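Residue numbers (our numbering): 1 to 92.
See below for the structure under consideration.
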């Protein structure tokens, strides 16, 4: 993977994905999560920078960053994938 990754979801699936990416020398730009208590914190030295619908960060996807949807809830995962496809024309 050439571009850094933005992970959507900081819970168990997101943390496991983060560990897998870092173990394979893939740069993770940031994590986005809808839990405000996690904002401005770090997981494995990677910042949790905002909500999963943060337009300023999501506009980087496809041009400068890749995206990985790491939510545990299937409905949330479908919703985020649809939003990324419809609004940003990317398929995670």
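The beta carbon of each residue, even a glycine, is placed where N, CA and C say it ideally should be.
Predicted model, so just to flag it, every value in this text is computed and none were measured.
Exercise. Could you check which residue in 89, 19, 64 has the C-alpha nearest to that of residue 11?
Key: Counted from its first residue, the chain shown places residue 11 at position 11. Measuring from the Cα of residue 11, the nearest candidate turns out to be 19.
Exercise. Could you have a look at residue 47 and say whether DSSP puts it in helix, strand or coil?
Key: Walking along the chain shown from the start, residue 47 turns up at place 47. Note: residue 47 maps to strand in three-state DSSP.
Exercise. Can you give me the start and stop residues for the alpha helix (DSSP H) that residue 22 sits inside?
Key: Mapped onto the chain shown, residue 22 falls at position 22. Counting along the chain, the alpha helix (DSSP H) containing residue 22 begins and ends at 12–23.
Quiz item: Does the count of Cβ pairs from the segment 15–30 and the segment 72–91 closer than 8 Å reach three?
Solution: no
Quiz item: Which whole-angstrom value describes the C-beta separation of residue 32 and residue 6, a residue pair presumed to lie in contact below a C-beta threshold of 8 Å?
Solution: Position 32 of the chain shown, counted from the first residue, corresponds to residue 32. Position 6 of the chain shown, counted from the first residue, corresponds to residue 6. Right, their Cβ atoms sit about 6 Å apart.
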